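Going letter by letter, the sequence shown gives residues 3 to 512 in the working numbering. Cβ coordinates follow ideal geometry from the N, Cα and C atoms, glycine included. The structure presented is a predicted model; accordingly, all values stated were derived computationally and were not measured. One structure is given here, and the rest of the page talks about it.
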Amino acid sequence: MNSVIKGASYVLAHTPQMVVYNGTTQTTERVVNPESEYLKELESHLRSYEDCVNYWPNQVYIGNAHPDDLTQVEFPYFDKAKEGAERYGKYGEIMPEAEFLLLVQACDMFEVAKLEKGFVSTYKEAFAADPIITEDIVARVEEGIESAEIEALVNEEHAEGLYLDGKLVGCVKRAHDIDVNLSAHVMHENLMSKASSVLALLYAVRNAEIDKNDIEYVIDCAEEACGDMNQRGGGNFAKAAAEVAGLMNATGSDSRGFCAGPSHALIEAAALVKSGAYKCVAVTAGGCTAKLGMNGKDHVKKGLPILEDCLAGFCVIICENDGVNPEINLDILGRHTVGTGSAPQNVIGSLVADPLERAGMKITDIDKFSPEMQNPDITKPAGAGDVPLANYKMIAALAVKRGELEKKDLATFAEKHGLTGWAPTQGHIPSGVPYIGFAREDILAGKQKNAMIIGKGSLFLGRMTNLFDGVSFVIQANTGAEDNSGVSEEEVKGLIAKAMKDFAASLMAE
Numbered sequence: 003m004n005s006v007i008k009g010a011s012y013v014l015a016h017t018p019q020m021v022v023y024n025g026t027t028q029t030t031e032r033v034v035n036p037e038s039e040y041l042k043e044l045e046s047h048l049r050s051y052e053d054c055v056n057y058w059p060n061q062v063y064i065g066n067a068h069p070d071d072l073t074q075v076e077f078p079y080f081d082k083a084k085e086g087a088e089r090y091g092k093y094g095e096i097m098p099e100a101e102f103l104l105l106v107q108a109c110d111m112f113e114v115a116k117l118e119k120g121f122v123s124t125y126k127e128a129f130a131a132d133p134i135i136t137e138d139i140v141a142r143v144e145e146g147i148e149s150a151e152i153e154a155l156v157n158e159e160h161a162e163g164l165y166l167d168g169k170l171v172g173c174v175k176r177a178h179d180i181d182v183n184l185s186a187h188v189m190h191e192n193l194m195s196k197a198s199s200v201l202a203l204l205y206a207v208r209n210a211e212i213d214k215n216d217i218e219y220v221i222d223c224a225e226e227a228c229g230d231m232n233q234r235g236g237g238n239f240a241k242a243a244a245e246v247a248g249l250m251n252a253t254g255s256d257s258r259g260f261c262a263g264p265s266h267a268l269i270e271a272a273a274l275v276k277s278g279a280y281k282c283v284a285v286t287a288g289g290c291t292a293k294l295g296m297n298g299k300d301h302v303k304k305g306l307p308i309l310e311d312c313l314a315g316f317c318v319i320i321c322e323n324d325g326v327n328p329e330i331n332l333d334i335l336g337r338h339t340v341g342t343g344s345a346p347q348n349v350i351g352s353l354v355a356d357p358l359e360r361a362g363m364k365i366t367d368i369d370k371f372s373p374e375m376q377n378p379d380i381t382k383p384a385g386a387g388d389v390p391l392a393n394y395k396m397i398a399a400l401a402v403k404r405g406e407l408e409k410k411d412l413a414t415f416a417e418k419h420g421l422t423g424w425a426p427t428q429g430h431i432p433s434g435v436p437y438i439g440f441a442r443e444d445i446l447a448g449k450q451k452n453a454m455i456i457g458k459g460s461l462f463l464g465r466m467t468n469l470f471d472g473v474s475f476v477i478q479a480n481t482g483a484e485d486n487s488g489v490s491e492e493e494v495k496g497l498i499a500k501a502m503k504d505f506a507a508s509l510m511a512e
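Have a look at this one:
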């Protein structure tokens, strides 16, 4: 039987100071053009925590609003606060930067993350009050060190500074003197990814209503890589995050595929559970500091706030079929193969039309498609357009070409089968998976019968190949319960008894 989606989580950490000091658009600009007008204006365009919480797409991401609600909000979204917005949502939370730094410190196992004493004493109580943060995690937060020591580490030892409201409050030290894979920069990236993954894991366990010990395997599908000079991407983020989250019965490994990584990982998890190798698998990913403020230049140029100011994380719990929760149907898998090519029609064909055709289905048989769910508030000012809408237009055009959709219905296809983008541009984060939590609930509620998750990746970014990549899968209403519908336990016993009696009679006849 197919494995099922038991629960999902989506978390954000508001990190505006990391936009300034760690996003690659800003760090590159500081090297290439340190006196640029962009850098001078940057900080005046940073959002407050309150503005971040009130932002409609962020509220959708953590589950305080449905994607359908966002379609009713006039575009653009950045200047329209959501009424009744809250820090905590159905799926997760939006954690303030100060508290997130304490979580980062709690995730540090090699004493490279250091925080200033006064900072720790000021924010530790608020961090401990977070309902998802456990006592053992709070206990891992150190008392802190003197600010002078932090300044020396940053100025003399190449440590990466940690800032709050423009003030140096901590740092991440290098973990080796000459190994670039253990530099302060890389350690900072990896700790931020790990911490946001831990937060997502904690919420996923709560949302799935399972015990931490139920999780037997964790797959991390973020975009970072941890290792040293002998194995620069050896891993293992999954087990490292599981340790902090208290998943004592779990092992795990990392799966990477650029933006398509989460979809690959979810298929792998579903297969592991269906095969019986593990009963419960968590697929998780933390955020990517490099992509903070990635489109910042265009936003500032157009007078907009910096909208890419959050690290994002997600987690999906995959378990054995319980006869209730929606399934991942492993018989309907799309694959962008080596021979697919990069033509848009070929890409969509391989990921959408081909797997459905093999299953005897039409494109219009899928209720909702979730491809790259980037927030158009971010991408349109940067010249990338409305990414989800572009995908839906291509899917609709292919459906028309295949005779599965009337040409007159092209204009309404996106409204009927699509979603408005709400996910932060963190690469792997928007790639199909933000809808999984909603899809699970919508299917359970009978609002729809299925959804297709589409992950696409750009393998050429690694300079190893010019290929694109992508995989897709279908989430559907549970069929396990239907298999035994109308057949009671007593009836089953009766059928078995009759079969045994008939078999005995046949032996006597011989």
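Counting only the Cα atoms, Asp216 lies some 8 Å from Leu249.
Your pair Asp230 and Asp179 does not check out as a contact, with CB atoms roughly 12 Å apart and the cut at 8 Å. Nearest to Met20 by alpha-carbon distance, out of Arg49, Glu159, Thr73, is Arg49. When the beta-carbon positions are compared, Ser265 and Gly457 come within less than 8 Å of each other. With respect to Gly482, Asn323 sits close: the two C-beta atoms are nearer than 8 Å.
For Pro69, the closest C-alpha among the options Ser123, Ala141, Phe440, Lys418 is that of Phe440.
Per DSSP, Arg337 is one residue of the beta strand (DSSP E) stretching across 329–337.
Beta-bridge partners of Met454 (DSSP): Phe371, Val476.
If you compare the alpha carbons of Glu374, Gly429, Glu211, Ser38 with that of Gly315, the shortest gap goes to Gly429. Rounded to whole angstroms, the gap between the alpha carbons of Asn60 and Trp424 is 7 Å. A contact is defined here as three or more CB-CB pairs under 8 Å, and the region 400–409 fails this definition with respect to the region 470–481.
The way I'd put it, the region 220–230 does touch the region 253–264; three or more beta-carbon pairs between them come closer than 8 Å. A straight line joining the alpha-carbon of Ala154 with that of His187 spans about 17 Å.
Note on geometry: alpha-carbon atoms of Ile64 and Gly343 lie some 36 Å from one another.
Residue nearest to Gly459 within the set Asp71, Ile368, Cys261, Gly163 is Cys261 (criterion: CA-CA distance). Three or more beta-carbon pairs drawn from the region 75–85 and the region 372–385 are found closer than 8 Å, and the two stretches are therefore classed as touching.
With a threshold of 16 other beta carbon atoms within 10 Å, Pro36 falls short and is exposed. By the neighbour-count criterion, in which a residue is buried when 16 or more other Cβ atoms sit within 10 angstroms of its Cβ, Pro98 is buried. In this structure, Tyr437 keeps its C-beta atom at 8 Å or more from the C-beta atom of Phe415. Using a Cβ-Cβ distance cut-off of 8 Å, the region 237–248 and the region 194–214 are in contact, since at least three pairs of beta carbons, one from each stretch, lie closer than that value.
Approximately 7 Å separates the beta-carbon atoms of Glu225 and Gly263; this is inside 8 Å, confirming the contact.
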